[in-house]
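Here the structure is laid out as structure tokens; the discussion comes afterwards.
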Amino acid sequence: MSEELFKTYKDIFDRFTINALWELITQKKLEGLESPIKIGKESNVFSALTKYNERVAVKVYRLNSVDFFQMSKYLEMDPKFRPIKQRVRIVAAWAKREFFNIKKAYEAGVSVPQPIAIKNNVLIIEFIGTKFPEHPTDFPKIKDSCADPEEMYNLLIKDIKKLYQKAKLVHGDLSEFNILERGGVPVIIDLSHSIPSDAPSADELLKRDVEKIVKFFNKKGLKLNVPDVLHYIKKA
Ligand SMILES: Nc1ncnc2c1ncn2[C@@H]1O[C@H](COP(=O)(O)OP(=O)(O)O)[C@@H](O)[C@H]1O
Ligand SMILES: [Mg+2]
Numbered sequence: 350m351s352e353e354l355f356k357t358y359k360d361i362f363d364r365f366t367i368n369a370l371w372e373l374i375t376q377k378k379l380e381g382l383e384s385p386i387k388i389g390k391e392s393n394v395f396s397a398l399t400k401y402n403e404r405v406a407v408k409v410y411r412l413n414s415v416d417f418f419q420m421s422k423y424l425e426m427d428p429k430f431r432p433i434k435q436r437v438r439i440v441a442a443w444a445k446r447e448f449f450n451i452k453k454a455y456e457a458g459v460s461v462p463q464p465i466a467i468k469n470n471v472l473i474i475e476f477i478g479t480k481f482p483e484h485p486t487d488f489p490k491i492k493d494s495c496a497d498p499e500e501m502y503n504l505l506i507k508d509i510k511k512l513y514q515k516a517k518l519v520h521g522d523l524s525e526f527n528i529l530e531r532g533g534v535p536v537i538i539d540l541s542h543s544i545p546s547d548a549p550s551a552d553e554l555l556k557r558d559v560e561k562i563v564k565f566f567n568k569k570g571l572k573l574n575v576p577d578v579l580h581y582i583k584k585a
């Protein structure tokens, strides 16, 4: 990392995050951050470019002001990720879990961003938005677009079923806010709350996800009902 780049990052990130970014830059996963896409409570999302001018999304989990209780609760439901006391390690485990949830979904053929790299609290995934040299803009969420609700729903429900049956995951935070639209096709993002489909609360979370999706699409004129949709997802 150049002296100049380091100075810029030093004002924005803690040392732990700078180290992770430095390592990812050394590994040639990216050249440097481009611009902020969303500054959130738990994480900040940036666009970045690789040396081939491919745009990627960099999700940086914050070490401060994150909901640790919430994170620990989800980590406990997932036997592979036991609760860890240390703050830094909890955030890193949280980021890692999201990365591997995305990877599982991606490998099962669900429309999610391609996972690229993970280092501690920093995830690199495919950027769902404009390509270089255009200005970095993420594609709209379906809450703001969705010109053809029926077609969008048909694609989405197949993905939710694939996520459940093949990736064996329940999204856990699915709504019109966590689905981007790329050329009429849904791309599911934000798998940080996803849990294995055989976890004790999976049924409850799946029902909540389905309720939100049904509500959204029914407002758009579809006539869906929760039990039928749940049945479709769960039947082999
Ligand atoms: N892969 C991506 N490509 C483009 N934009 C993204 C990508 N991932 C996230 N974003 C943008 O960042 C926002 C926040 O990301 P998200 O993963 O939903 O985190 P959270 O909702 O927990 O803050 C998204 O609503 C979207 O606007
Ligand atoms: Mg989100």
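Numbering (our numbering), first residue to last: 350 to 585. Note that CB positions come from ideal geometry on N, CA and C, so glycine has one too. The structure presented is a predicted model; accordingly, all values stated were derived computationally and were not measured.
Alpha-carbon spacing of L302 relative to K572, whole angstroms:
Outside the modelled stretch of the chain, which goes from 350 to 585, sits residue 302, for which no answer is possible.
Can F476 and V536 be called in contact, C-beta distance under 7 Å?
No, the pair does not count as a contact, with Cβ atoms beyond the cut-off.
Boundaries of the beta strand (DSSP E) in which K377 is found, first to last residue
Where K377 is concerned, there is no enclosing beta strand (DSSP E), because DSSP gives it neither an H nor an E.
With respect to the beta strand (DSSP E) encompassing N393, which residues constitute its N-terminal and C-terminal limits?
Counting along the chain, N393 sits inside the beta strand (DSSP E) bounded by residues 392–398.
Counting only the same chain and skipping the five closest in sequence on each side, list residues whose C-beta sits under 8 Å from that of D497.
Around D497: G533.
Does the count of Cβ pairs from the segment 497–511 and the segment 539–551 closer than 8 Å reach three?
Between the segment 497–511 and the segment 539–551, the count of C-beta pairs closer than 8 Å stays below three; the two stretches do not touch.
What does the alpha-carbon distance come out to for the pair K434 and K568?
Residue placement at K434 cannot be trusted, given a pLDDT of 49 that sits under 50; what the coordinates show is reported in the next sentence. Near 43 Å, if we compare the C-alpha coordinates of K568 and K434.
Opposing strand residues paired with N410 [DSSP bridges]:
It should be pointed out that residue 410 corresponds to Tyr in this sequence rather than to Asn. Looking at the DSSP assignment, Y410 forms a beta bridge with S392.
Kindly identify the DSSP beta-bridge partner or partners of S384.
The bridge partners DSSP lists for S384 are S396.
What do you reckon, are the CB atoms on A441 and N469 nearer than 7 Å?
A contact, by the Cβ cut-off of 7 Å.
Between the C-alpha atoms of D552 and G521, what's the straight-line distance to the nearest angstrom?
Near 10 Å, if we compare the C-alpha coordinates of G521 and D552.
Quick check on this structure: which residue in R446, K422, T399 has the alpha carbon closest to the alpha carbon of F481?
Comparing Cα-Cα distances from F481 to each of R446, K422, T399, the minimum goes to T399.
Which first and last residues belong to the beta strand (DSSP E) in which L472 is found?
Note, L472: beta strand (DSSP E), 471–475.
Could you pull out every residue in the same chain whose Cβ sits closer than 7 Å to the Cβ of S546, ignoring the five residues on either side in sequence?
The answer, listed in chain order, is Y513, K517, L518, V519.
Residue span of the alpha helix (DSSP H) that contains P482, given as start and end:
Careful: P482 lies outside any alpha helix (DSSP H) and carries neither H nor E.
Considering only heavy atoms of ligand 2, does any lie closer than 6 Å to the CB of D539?
Under cutoff, so the answer is yes.
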